[in-house]
Each structure stands twice: as structure tokens, then as C-alpha cells.
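Reviewing the structure listed below.
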Amino acid sequence: MSQVNVERVIGILATDEALRRRFTHDARAVLTELIQRGMELTAGEQISLAGLDPKVLARFSRYIDDRLQRCDLGHGGSHLKEGVS
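Following this line, the structure appears as C-alpha cells:
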């Protein structure tokens with residue numbers, strides 16, 4: 076089950092522009108928020124995810140169809156829905 080959550084976090088970061096921006100500035104805070112909303116991650120997974128290169132995430136996100144992206148329309152932050160989607 077844990078690998079599924081790692082994949083979900085990477086997917087969320089790849090498709091949510093505002094969250095990715097926040098992750099760039101404070102990866103641990105974003106991961107803590109995801110955990111508080113129900114995402115289960117081990118300590119090792121948290122460390123590994125926090126070490127993801129934000130530039131690589133941004134580059135990867137450019138290859139994902141725009142229809143699958145959550146754009147930041149100038150609000151400066153992403154508001155995650157309960158249950159993390």
C-alpha cells in the first residue's frame with residue numbers, strides 16, 4: 076500500500092502547479108499537509124520525497140496533458156480536498 080501512496084504524491088506534485096510551487100519552497104510542510112489529510116507515508120518515504128528535485132518535477136509536469144493539470148490562477152496556493160485526491 077505504501078508504494079501506492081508514494082506514486083500518488085508524485086502524481087499530485089506533477090499535476091498541481093500551486094502545490095508543486097509550495098513544495099519547492101518547503102517540501103516537508105507540503106508532505107506534512109498531505110499526511111494530515113490521510114496520506115500514509117513512512118519516515119523513509121517522506122525523506123525520499125522531500126529530496127525530489129523541484130526542477131525535475133516541473134519538467135516532468137510539462138509532459139502531462141494540460142487537461143490533467145490543476146493550474147494556479149494566481150491564488151498562490153493549493154487547497155487540498157479532504158481525503159487527498
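In terms of the numbering used here, the sequence shown opens at residue 76 and continues consecutively.
Using N, Cα and C, we set each Cβ at its ideal position, and we do this for glycine too.
1) What are the start and end residues of the alpha helix (DSSP H) that includes Thr-90?
2) Alpha carbon to alpha carbon, what distance is there between Ala-93 and Ile-32?
3) Can you find at least 3 beta carbon pairs, one from the stretch 90 to 109 and one from the stretch 137 to 145, that sit closer than 8 Å?
4) Mapping the DSSP letters down to three states, classify Arg-97 as helix, strand or coil.
5) Which same chain residues, not among the five before or five after Glu-115, have their C-beta less than 6 Å away from its C-beta?
Let me spell this out:
1) Here residue 90 refers to the residue found at position 15 when the sequence shown is read from its first residue. Segment 77 to 90, the alpha helix (DSSP H) holding Thr-90.
2) In the structure as shown, the chain starts at 76 and stops at 160, and residue 32 therefore has no counterpart that could be examined.
3) yes
4) Stepping through the sequence shown from its first residue, residue 97 is reached at position 22. Arg-97: helix per DSSP, three-state reduction.
5) Within the sequence shown, residue 115 is the residue found at index 40, counting from 1. Only Asn-80 meet the Cβ criterion.
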